[in-house]
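Comments concern the structure below.
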Amino acid sequence: MASGGPVLDSLEEFDSSDSGSIYEPQINARKKKQKTTSGPQPKKSRRNATARGTPSVSSSTNPSPGEPSPQGQAHYQARSRSIPERNTNERNQGISAKEIYDAICSGKAAIVTVVDEWLDSYKQSREGGLLVLINFIVQSCGCKGVVTREMFDSMQNAEIISTLTKEFNETSGNYPLSTPGPQMKHFKAGLSEFSRVLMRSCRNSIIYDEYIFPSLLALLTGLSDSQVRAFRHTSTLLALKVMTGLVEVAVTVSVQLQTTQRQIDTEKSKNPQIRASDKLEELHATISELKENREEVCSMMNATFRGVFVHRYRDLLPDIRAICIEELGVWLNKDPEDFLNDGCLKYLGWTLFDKQSAVRLQCVRALQGLYKEKEFIGRLELFTSRFKERMLSMVLDKEPDVAVEAVNLLLLIQLMTEEGLSEEECGRIYPLVYAAHRGLASAGGAFLYNKFQSLIAQENNNNNAAFFHVLIAFYTQNEFHEHGAYLVDSLWSVAGSELRDWETMSALLLQDAGLMYEEEGVLLELMMCAVRQAAQGTPPVGRSHARKIASMKEKKVQEQDRSRITTHFIPILPQLLAKYSADAKKVSLLLKAPLYFDLEMYSSTQWLKKGGADKDDTYSAATALKKIAVFSSAKDPTGWKLFDSCLQLLNSRLESLDLHTELTVSALKCAGFHLMWAKVNVDKSKPKAAELKHLKKDMNTFCRICQRCLSVDKTRIRDEAFELLCDLLLLYSQASVRSEPALQPLVHLPSVSLCSELASFLLDHVFTEEEDAELCDEREEEIKMTLFQKRRRQLAGYCKLVLYGVLDLSAATNVFKHYSKFFKDFGDIIKETVSKSRLINPVQSAKTFCLCLQQLFSEMLTDDPSQQDPTEIRDLAKKLAMTFGIDLHRIRKPLVALHLDGIKFAFRVPEDGSKQLPNADFLEILSEFSFKLLQQDRVVISGFLKSECPAAALCWPSVKHYECSLASRSAARLKEQEVAAGAVSQHDTPQPKRRRTTAGGSTSSTTKGPWLESSSIHSRMNTPVLTSTVQKRAAPPPPPTQVRAAESDAGSGLAEVESEDEFSSGMLMRKVNPTKRGRLNSAQTAAARDKEDVASHLTLLSLIEDDISEREEGEDEPEIEDSDNESQSSYTLPSTRHTSVSVLDELFD
40 MASGGPVLDS LEEFDSSDSG SIYEPQINAR KKKQKTTSGP QPKKSRRNAT
90 ARGTPSVSSS TNPSPGEPSP QGQAHYQARS RSIPERNTNE RNQGISAKEI
140 YDAICSGKAA IVTVVDEWLD SYKQSREGGL LVLINFIVQS CGCKGVVTRE
190 MFDSMQNAEI ISTLTKEFNE TSGNYPLSTP GPQMKHFKAG LSEFSRVLMR
240 SCRNSIIYDE YIFPSLLALL TGLSDSQVRA FRHTSTLLAL KVMTGLVEVA
290 VTVSVQLQTT QRQIDTEKSK NPQIRASDKL EELHATISEL KENREEVCSM
340 MNATFRGVFV HRYRDLLPDI RAICIEELGV WLNKDPEDFL NDGCLKYLGW
390 TLFDKQSAVR LQCVRALQGL YKEKEFIGRL ELFTSRFKER MLSMVLDKEP
440 DVAVEAVNLL LLIQLMTEEG LSEEECGRIY PLVYAAHRGL ASAGGAFLYN
490 KFQSLIAQEN NNNNAAFFHV LIAFYTQNEF HEHGAYLVDS LWSVAGSELR
540 DWETMSALLL QDAGLMYEEE GVLLELMMCA VRQAAQGTPP VGRSHARKIA
590 SMKEKKVQEQ DRSRITTHFI PILPQLLAKY SADAKKVSLL LKAPLYFDLE
640 MYSSTQWLKK GGADKDDTYS AATALKKIAV FSSAKDPTGW KLFDSCLQLL
690 NSRLESLDLH TELTVSALKC AGFHLMWAKV NVDKSKPKAA ELKHLKKDMN
740 TFCRICQRCL SVDKTRIRDE AFELLCDLLL LYSQASVRSE PALQPLVHLP
790 SVSLCSELAS FLLDHVFTEE EDAELCDERE EEIKMTLFQK RRRQLAGYCK
840 LVLYGVLDLS AATNVFKHYS KFFKDFGDII KETVSKSRLI NPVQSAKTFC
890 LCLQQLFSEM LTDDPSQQDP TEIRDLAKKL AMTFGIDLHR IRKPLVALHL
940 DGIKFAFRVP EDGSKQLPNA DFLEILSEFS FKLLQQDRVV ISGFLKSECP
990 AAALCWPSVK HYECSLASRS AARLKEQEVA AGAVSQHDTP QPKRRRTTAG
1040 GSTSSTTKGP WLESSSIHSR MNTPVLTSTV QKRAAPPPPP TQVRAAESDA
1090 GSGLAEVESE DEFSSGMLMR KVNPTKRGRL NSAQTAAARD KEDVASHLTL
1140 LSLIEDDISE REEGEDEPEI EDSDNESQSS YTLPSTRHTS VSVLDELFD
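Residue numbers for the sequence shown follow this note's numbering, so the first one is 40 and each next one is one higher.
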């Protein structure tokens, strides 16, 4: 475009204040000839530039859009309303305003077609076409008013806008451009596209008819100054989009002017004899026409810039300001000759300080478009020096998107300008590689990578080794965070090829004279971080990631990277481990590499398919399976497809009775982990019915194999099978799929024989001390403690099966009957199991107590009559009675059910038909629970006793003893004294801590049952923790309301006791924290903290908690017999007697 002086050089006078009235630019006051004939009007003859009312430009025939001109202002002061006469039968049958609006809103119609239809109607009637366009604009503003033909003919723009304002409904505040959601974006895009297509369709003829666009811009300018936000917002968008179209037309006309002028110069340079005078005259006519066109376009641009942009770029509405800055950036790029000057750049500089992030974002993006063009840099020097400090400060913008674009802008300044950024200025951008926002960190990484490349280029050493030297220097010398994972993630998008160069990194580490020892540690850390990044493709912990799901292309790249990692590090890793074997930190870093191997490339499955194997093969197989089992605890092994091979191995070994301990245990672990991860995977996805059926079949097969292993004579195999059964039965229980009905087919219920095997395992290997008999003297205490912790772990696993409904609550009798005898070893676990069972179903729990005592009594009767002594059973009854607590109203119903069951058992007639009642002495044991009864319940139970007891038996000593216990009021008197003293309340009882004296004479708080959670059990329970991976989690004490909700109504009369079905359906559940599975010592635990294992994907039950407070059920338990029993114990539990730390801290080294 020909330049004729600075563009918009006098716009400063418009920056101080907005117009107080509606701005009404109008077309030329030139009279238009009226047409008396109908149909399309012929093209008007062009006028000479001297006859126009357009602005003139000093020293140039090409006016700039921003120069003030009195003629130009007069040109837009009044809109001509002279309407040509039309045929009365003529009626515009073209497209309507509503049809245009509907097409824009739908987004499905072709905008070109819509514009073509409107042009057809406009050619038939200019006034009708303009009226359609005006009503379309009004409707796009959300106004229901309509501009009629009468209004159009008789009113000025200000009057029309005033009328529309009165009809506008502002109560809702919503209009199409403010509608939330994607609908607004679609409408805005459609409106912009309509403006663009309209301008392109009119650029060659209609734009110069001096009617449609001057009239349209006059209306839009007036609307943009309205107090109604909908009018102001919509009209500003349309006016500036039209302005963009005018800029494109002006650029095109300028190019045509230059081309025509060159043709004239060429023709004039010819010899007069061969010069074509006709052609020269035609070229002169063409250039006159083009200059005339450009004057008219510049006149409209000038009016739009001054009437709309200058006022609206500082509008109160941020969206309007953002539109202005966005379009200004387009004008600066498309027409730098007229716009790229300080007069327009100042608007970008000012809006860099805008309070709204959306405006700042558009401003920075507009500047990016300018700095990308090399030829613009010279014109931007003054702007750069003036606003560079502001752009540097924006890298810490509170809006991350603005900060990202600011970093990208500064990178362009660094690349495109000669001065670039100083080292101090660059230092303000480097720390961004450690930002939490991933986009900002990646932008900072791109800036840093460019700096690295410039340094490498200066040394003329363009290879990856030089890159790693620079990277190590940056990492060690900077004063920022030393987190390699964050630095690698920031550089990954731009330096991925260098960071995947494992060969160069390994060579630098293995060579002797390459790096200093500290630098080797840095490179080793960065290499392991790059390995993780390549294999997983996820950002480090704490860095936000917008997109959660990787694309198919990204997954394919990750698979290829894993294969390359495996191929490279399998031979190199032993060499690196050998070199750094003395440095524990470096070794721990190197040991992370196998976690990202593709083990399908490095699997030892061939030996599984052999028919026979010698000792070497067995050892190799055991070693390989042991490694795979370790990997399986941290990585999903289901893709390796080793489950069937492990089952074949286990079956063959069990059938041949040739059980190699290491091989069998490792095979059990691999198969068990496979089933655990498979359950995790189906929880996350929507598997097909066939997949669920296949998984259920695998589960059944493996449980049968584990059941067979329970009876083998090898301790490690037997223990591993028991623990895996406890874990898997919980993972595949009814409770684990309660929230996912689709997974119901996966529920696996243990068979009767398996339940019997599990109970036998407890009796034979948990509630026994035979394993302690043959221990060597040197490590006796250590081995004792190891065996002791293992037995506690196994008992906890069995108790969880009971509490989570895998086993019937009656199976708890196998545990409760040992409460007294093994109180020192397992008292806390059994006591907490008792408490949890009472919360699940208090009546059924009490009946289980009675069943437990009945079984012990029946066993006693079958023993030698000379050795029948119910003392131990009575002691157990006393301990169980103490677990009921002191709130007699809350335990009323369970106690009554216990007594009724006990009475029925005492007077049960033997199956042989004998008239003797061998169970009558059971009443003496039952009397241990009488002191907890309320007086009214004593009367009811006494009556029930008389109805069940034969008349002849009323005088028996056991019956009299029981009647005496029911008649006793000592417990009731004790209760009344306690209430009178204020020691207790009916429902909220204080919980005093008990103090006990340990074997060493020190005093500590009594353990409250750390193997089971507090009484805060919710109505639903997630999948419990693995038996062998339980970890302690402190739980807050439950609110009283939760405890009350789990119990029966205290004040109600005696009712029918609950059935076992009620117990199962009313089971209460709770949530717990996931824990890890494994037996690691303290050093190994520290090294394995970053690893994610299968337990981290499970929501599991922990049966361990702190002894912070005593349960309500145990508060009535004074130091009765406990001190004597404890003094007889050969050793105490360190974690449960002397410290509040989790029992599992010692249970699972």
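We put the CB at the ideal spot given by N, CA and C, even for glycine.
Beta-carbon within less than 8 Å of residue i's beta-carbon, same chain only, minus the 5 sequence neighbours each way: which residues are those?
i: Leu1202; result: Residue 1202 lies beyond the range of the chain shown here (40 to 1188); nothing can be said about it.
i: Ala920; result: Glu967, Phe968, Phe970, Lys971
i: Lys318; result: Glu306
Within the same chain, show all residues whose beta-carbon is closer than 6 Å to that of residue i, passing over the 5 residues directly before and after it, in chain order.
i: Asn517; result: none
i: Asp393; result: Arg399
i: Pro1078; result: The pLDDT assigned to Pro1078 is 42, lower than 50, so where the model puts this residue is not dependable; a value taken from the coordinates is nonetheless given after this. There are no such residues.
i: Glu598; result: none
Which of the three DSSP states, helix, strand or coil, is assigned to residue i?
i: His476; result: strand
i: Ser583; result: strand
i: Val704; result: helix
i: Ser316; result: helix
i: Thr275; result: helix
i: Lys72; result: Its pLDDT being 32, under 50, Lys72 is placed unreliably in this model, and the value from its coordinates should be taken loosely. Lys72: coil per DSSP, three-state reduction.
i: Thr1190; result: The chain is shown only over 40 to 1188; residue 1190 falls outside these bounds and no answer can be derived.
i: Arg429; result: helix
i: Asp155; result: helix
i: Thr677; result: helix
i: Gln974; result: helix
i: Ile122; result: Note that Ile122 scores a pLDDT of 33, beneath 50, so its modelled location is shaky; the value from the coordinates is reported in the next line. Ile122 falls in the coil class under three-state DSSP.
i: Lys595; result: helix
So, at 7 Å on beta carbons, what are the nonlocal neighbours of residue i in its own chain, with the 5 sequence-adjacent residues on each side left out?
i: Val236; result: Ile150, Val151, Val154
i: Ala798; result: Ala850, Asn853
i: Cys794; result: Leu846, Ala850
i: Asp737; result: Phe682, Leu714
Roughly how many whole angstroms lie between the Cα atoms of residue i and residue j?
i: Leu256; j: Ala278; result: 7 Å
i: Ile61; j: Val186; result: Residue placement at Ile61 is poorly supported in this model, since its pLDDT is 29, which falls under 50; the coordinates still yield a value, given next. Whole-angstrom Cα-Cα distance: 18 Å.
i: Phe638; j: Lys594; result: For clarity, residue 638 is Leu in the given sequence; the question names Phe instead. Their Cα atoms are separated by approximately 17 Å.
i: Phe191; j: Phe226; result: 27 Å
i: Phe712; j: Ala774; result: 20 Å
i: Ile588; j: Ala546; result: 35 Å
Do you know whose CA, among the options, lies nearest residue i's CA?
i: Leu371; options: Arg399, Ala623, Phe415; result: Phe415
i: Ala850; options: Ser859, Val719, Cys838; result: Cys838
i: Leu846; options: Asp908, His787, Glu376, Tyr161; result: His787
i: Ala269; options: Ile251, Phe207, Asn310; result: Phe207
i: Asp758; options: Asn720, Ser724, Lys708; result: Lys708
i: Gly941; options: Asp960, Ile930, Glu950, Gln955; result: Asp960
i: Gly560; options: Lys624, Asp655, Asn499; result: Lys624
i: Ile245; options: Ser590, Arg165, Arg360, Leu714; result: Arg165
i: Ala732; options: Thr703, Pro784, Tyr473, Met715; result: For clarity, residue 732 is Lys in the given sequence; the question names Ala instead. Minimum Cα distance to Lys732 is reached at Pro784.
i: Glu444; options: Ala663, Glu463, Ile468; result: Ile468
i: Ala573; options: Ile609, Gly168, Leu547, Leu634; result: Leu634
i: Ser432; options: Gly466, Met455, Gln401; result: Gly466
i: Ser234; options: Ser217, Phe426, Gly284; result: Gly284
Using a Cβ-based criterion (distance less than 7 Å to any ligand heavy atom), does residue i qualify as near the ligand HEM?
i: Leu277; result: This structure simply doesn't include the ligand HEM, nor any ligand for that matter.
Indicate whether at least one CB of chain C lies closer than 8 Å to the CB of residue i.
i: Asp976; result: The chain labelled as chain C is not found in the depicted structure, where only one protein chain is given.
Mind the definition here: the segment 830-849 touches the segment 868-877 only if three or more C-beta pairs lie below 8 Å; say whether that holds.
-> Yes, the segment 830-849 is in contact with the segment 868-877.
Does the segment 259-266 come close enough to the segment 185-204 that 3 or more CB-CB pairs lie under 8 Å?
-> The segment 185-204 is in contact with the segment 259-266.
When the Cβ atoms of the segment 882-901 are set against those of the segment 859-872, are three or more pairs found closer than 8 Å?
-> Counting Cβ pairs under 8 Å, fewer than three are found: no touch.
Report yes or no: do three or more beta-carbon pairs, one from the segment 415-435 and one from the segment 382-391, lie closer than 8 Å?
-> The way I'd put it, the segment 415-435 does touch the segment 382-391; three or more beta-carbon pairs between them come closer than 8 Å.
Cβ contact check for the segment 324-343 and the segment 352-364: 3 or more pairs under 8 Å | no
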